[in-house]
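Take a look at the structure set out below.
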Amino acid sequence: MRLGSWIGAVALAVLQAVAANNSASAKSLQTLLDEAKAHSLAGRFNDALRAYEDAIATDVSNYLTYFRRAAMLLNLGKTSSALSDFTKVLELKPDFDQALLQRGRLFAKECTINSAIHDLNAFLQRKPSDTSVAELVQELYQTRDALTHAADAAASGDKARAIELYGDVLNTCPHAVDIRMRRAQLYLDVGDKEMAIGDFKRIQKLQPDTLEALQQLSTLHLGLGEVSESLEAAKDCLKQDPEHKACKVAFRLVKKLDKAIKKMEEHLGSGRWAEAVKLLLKPSEEEGLMGEANKINSSQLNVRMFGAACKALGELKQPESMNWCTKTLELNDQSFDAYLYRAEAKVAAEEYDAAMHDFQKAHELNRQDARASEGYHKAERLKRQVGQKNYYKVLGIPRAASKREIKKAFRKLAQEWHPDKYQGDLPMETVVKKMSEINEAYEVLSDDELRQRFDNGDDPNVSAHKICFAQ
Numbered sequence: 004m005r006l007g008s009w010i011g012a013v014a015l016a017v018l019q020a021v022a023a024n025n026s027a028s029a030k031s032l033q034t035l036l037d038e039a040k041a042h043s044l045a046g047r048f049n050d051a052l053r054a055y056e057d058a059i060a061t062d063v064s065n066y067l068t069y070f071r072r073a074a075m076l077l078n079l080g081k082t083s084s085a086l087s088d089f090t091k092v093l094e095l096k097p098d099f100d101q102a103l104l105q106r107g108r109l110f111a112k113e114c115t116i117n118s119a120i121h122d123l124n125a126f127l128q129r130k131p132s133d134t135s136v137a138e139l140v141q142e143l144y145q146t147r148d149a150l151t152h153a154a155d156a157a158a159s160g161d162k163a164r165a166i167e168l169y170g171d172v173l174n175t176c177p178h179a180v181d182i183r184m185r186r187a188q189l190y191l192d193v194g195d196k197e198m199a200i201g202d203f204k205r206i207q208k209l210q211p212d213t214l215e216a217l218q219q220l221s222t223l224h225l226g227l228g229e230v231s232e233s234l235e236a237a238k239d240c241l242k243q244d245p246e247h248k249a250c251k252v253a254f255r256l257v258k259k260l261d262k263a264i265k266k267m268e269e270h271l272g273s274g275r276w277a278e279a280v281k282l283l284l285k286p287s288e289e290e291g292l293m294g295e296a297n298k299i300n301s302s303q304l305n306v307r308m309f310g311a312a313c314k315a316l317g318e319l320k321q322p323e324s325m326n327w328c329t330k331t332l333e334l335n336d337q338s339f340d341a342y343l344y345r346a347e348a349k350v351a352a353e354e355y356d357a358a359m360h361d362f363q364k365a366h367e368l369n370r371q372d373a374r375a376s377e378g379y380h381k382a383e384r385l386k387r388q389v390g391q392k393n394y395y396k397v398l399g400i401p402r403a404a405s406k407r408e409i410k411k412a413f414r415k416l417a418q419e420w421h422p423d424k425y426q427g428d429l430p431m432e433t434v435v436k437k438m439s440e441i442n443e444a445y446e447v448l449s450d451d452e453l454r455q456r457f458d459n460g461d462d463p464n465v466s467a468h469k470i471c472f473a474q
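Each number in my numbering comes from the position in the sequence shown (counting from 1) with 3 added on.
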């Protein structure tokens, strides 16, 4: 571009900017105030603020413009900015009672008690009949005393009393960030993490850039097993300060953990039990998700992981499920799933009385789920089978044996006990009887329907004999 053309373009841009400024200046103060009001009513608050800025630029001495903007800022929760505007109003018009009242109330909410009392008493001198303001002033005197007593109680170690007194203070001063921070710390000192979280969340709403509150929220949520909430707090902290060391460490740790937990829960939700177990416990309990979660030292997170292992292993009919279900119940004795899957594992281990107890507990927790009552009756039937034929024991295999394991066991025993192949010293009559028992066991356990009946406490061979006898 030639130099002359460039200069011309710059000159044109300058003229356009001047014209736009002159256009804004050309609007009357009332027009700008009307625009600000219309924007505010329509929820276009940024446009409203720009209109108020133009109005102030038009007439910097108009106290009503500051007052109206302060009122809008107050509704938006921007109390610090509103406080500045009310102060400006009083500089321009010291006898403006409403500005004095509003500033006094804001000072009270922030626990700037002496300034609040000063403004409100000045208002009462002009409006002595306003009983609500007089009552607020008396409340502020009491709040000032409560602040002193709370600090003394905290210093003497009476933290419960200090928490109570700071609660009284915050009823009058809900926006007092420093007071809320003190109470949050006291809650932490007495081990009440949930209440501390409540205070830190309120602090974060009042002052979104309070990094200490965000860091504490990330740590506390994680300690309660609330991984997603912890991650969000760490993210918010890094938005305010991308180089915040503690929040960067927390973010990396929690992001990895959150991703793994969501993947594990996705496996559970889709019935991919083996995949869930692999993620939880492979290559070892210490190195899998279970180990990572255990490092957090959160009982809430642990019970979540223990419960997941209990369920996944239970669905896979693995005996290890009993251990994880027991661990779950040690932390949460109201877990229906843990009682149910532990009961099923105890059935597989032929601990029928213990299984019936767990099925009963599961039924008490959820009477709508038929699995508990069905399991109880199954354990009851199997208990009655004790002393009768046990086809699993005949073949020397566990109840959870696969079809392949059943066939392998049968073939091995047939090689040993078939009358044509037997090489021992027992009478042939005994060998034939033994082989007959092996055949009988294999006949039942190799057939899915017959095996299911046997597993439910109904011996198909005994039932068949009963039917034949009845005929």
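Idealized CB from N, CA, C, for every residue including glycine.
Identify which residue in the options has its Cα closest to the Cα of residue i.
| i | options | result |
| --- | --- | --- |
| serine 31 | Asn49, Ser43, Ser118 and Tyr55 | Tyr55 |
| asparagine 326 | Asp336, Ala341, His366 and Leu93 | Ala341 |
| proline 322 | Asp336, Lys364, Tyr344 and Arg186 | Tyr344 |
| aspartate 356 | Arg370, His224, Gln388 and Val140 | Gln388 |
| alanine 444 | Leu416, Gln363 and Glu432 | Leu416 |
| leucine 283 | Ala315, Ser302 and Thr134 | Ala315 |
| asparagine 65 | Leu77, Asn78 and Lys91 | Lys91 |
| asparagine 442 | Arg414, Tyr69, Gln455 and Leu36 | Arg414 |
| arginine 454 | Lys406, Lys285, Cys328 and His360 | Lys406 |
| proline 245 | Asp212, Val257 and Glu318 | Asp212 |
| asparagine 300 | Val230, Pro131 and Pro286 | Val230 |
| glycine 390 | Ser287, Ser273 and Asp462 | Asp462 |
| phenylalanine 203 | Gly194, Glu215 and Asp192 | Glu215 |
| glycine 228 | Val257, Gln243 and Lys242 | Val257 |
| serine 324 | Trp276, Ala296, Leu189 and Ala163 | Trp276 |
| glutamate 318 | Glu289, Ala279, Thr134 and Glu440 | Ala279 |
| arginine 108 | Leu77, Pro131, Cys240 and Asp98 | Leu77 |
| threonine 175 | Tyr190, Met184 and Glu138 | Glu138 |
| serine 159 | Asp133, Lys40 and Leu189 | Leu189 |
| histidine 380 | Ala51, Gly294, Asp458 and Ser273 | Asp458 |
So, using beta-carbon positions, are residue i and residue j closer together than 8 Å?
| i | j | result |
| --- | --- | --- |
| alanine 237 | serine 221 | yes |
| threonine 253 | leucine 292 | Sequence inspection shows alanine at residue 253; the threonine mentioned does not correspond to that position. No, they are not a contact pair. |
| alanine 149 | alanine 157 | no |
| valine 492 | tyrosine 394 | No information on residue 492 is available, as it lies outside the stretch 4 to 474 that the chain covers here. |
| lysine 392 | serine 449 | no |
| glutamine 210 | leucine 217 | no |
| tyrosine 169 | arginine 147 | no |
| leucine 103 | isoleucine 120 | no |
| glycine 226 | lysine 251 | no |
| serine 302 | leucine 260 | no |
| arginine 106 | leucine 93 | yes |
| aspartate 100 | arginine 129 | yes |
| arginine 374 | glycine 460 | no |
| valine 509 | asparagine 117 | Only positions 4 to 474 of the chain appear in this structure, which leaves residue 509 out of reach. |
| glutamine 337 | leucine 304 | no |
| alanine 153 | valine 136 | no |
| histidine 360 | serine 376 | no |
| valine 306 | threonine 331 | yes |
| glycine 378 | glutamate 408 | no |
| aspartate 122 | lysine 162 | no |
| glutamate 3 | valine 397 | No information on residue 3 is available, as it lies outside the stretch 4 to 474 that the chain covers here. |
| alanine 382 | alanine 358 | yes |
Sorry if obvious, but does the Cβ on residue i come closer than 7 Å to a heavy atom of the ligand GTP?
| i | result |
| --- | --- |
| lysine 40 | What this structure holds is no ligand at all, so the ligand GTP is not there to describe. |
| task | Tell me, please, whether the stretch 387–403 touches the stretch 347–363 by the rule of three or more beta-carbon pairs shorter than 8 Å. | result | yes
| said: For the structure I just gave you, are there three or more beta carbon pairs, one from the stretch 64–73 and one from the stretch 86–93, closer than 8 Å? | reply: Two segments are said to touch when three or more pairs of C-beta atoms, one from each, lie closer than 8 Å; by this definition the stretch 64–73 touches the stretch 86–93.
| message | Taking contact to mean 3 or more Cβ pairs, one atom from each stretch, closer than 8 Å, check whether the stretch 311–319 and the stretch 262–282 are in contact. | response | yes
| Residue ranges of each alpha helix (DSSP H) within the stretch 84–125, 4 or longer | Qualifying alpha helix (DSSP H) stretches, in chain order: 100–112.
| said: Quick test of the definition: if touching needs 3 or more C-beta pairs under 8 Å, does the stretch 106–122 touch the stretch 161–181? | reply: yes
| query | In the stretch 226–255, which residue ranges form an unbroken alpha helix (DSSP H) of at least 4 residues, counting only runs that do not cross its ends? | reply | Listed in chain order, the complete alpha helix (DSSP H) runs (minimum 4 residues) inside the stretch 226–255 are 230–243.
| request: Would you check if there are 3 or more beta carbon pairs closer than 8 Å linking the stretch 42–49 to the stretch 58–66? | output: no
| query | In chain order, which alpha helix (DSSP H) runs of at least 4 residues are fully inside the stretch 143–210? | reply | 162–175, 180–192 and 196–209
| task | Let me know the beta strand (DSSP E) ranges lying completely inside the stretch 430–462, each 3 residues or longer, listed in chain order. | result | none
| said: My parser needs the alpha helix (DSSP H) runs of 4 or more residues fully inside the stretch 356–388; what are they? | reply: 373–388
| query | Which whole runs of the alpha helix (DSSP H) in the stretch 267–302 are 4 residues long or more, in chain order? | reply | 276–284 and 292–298
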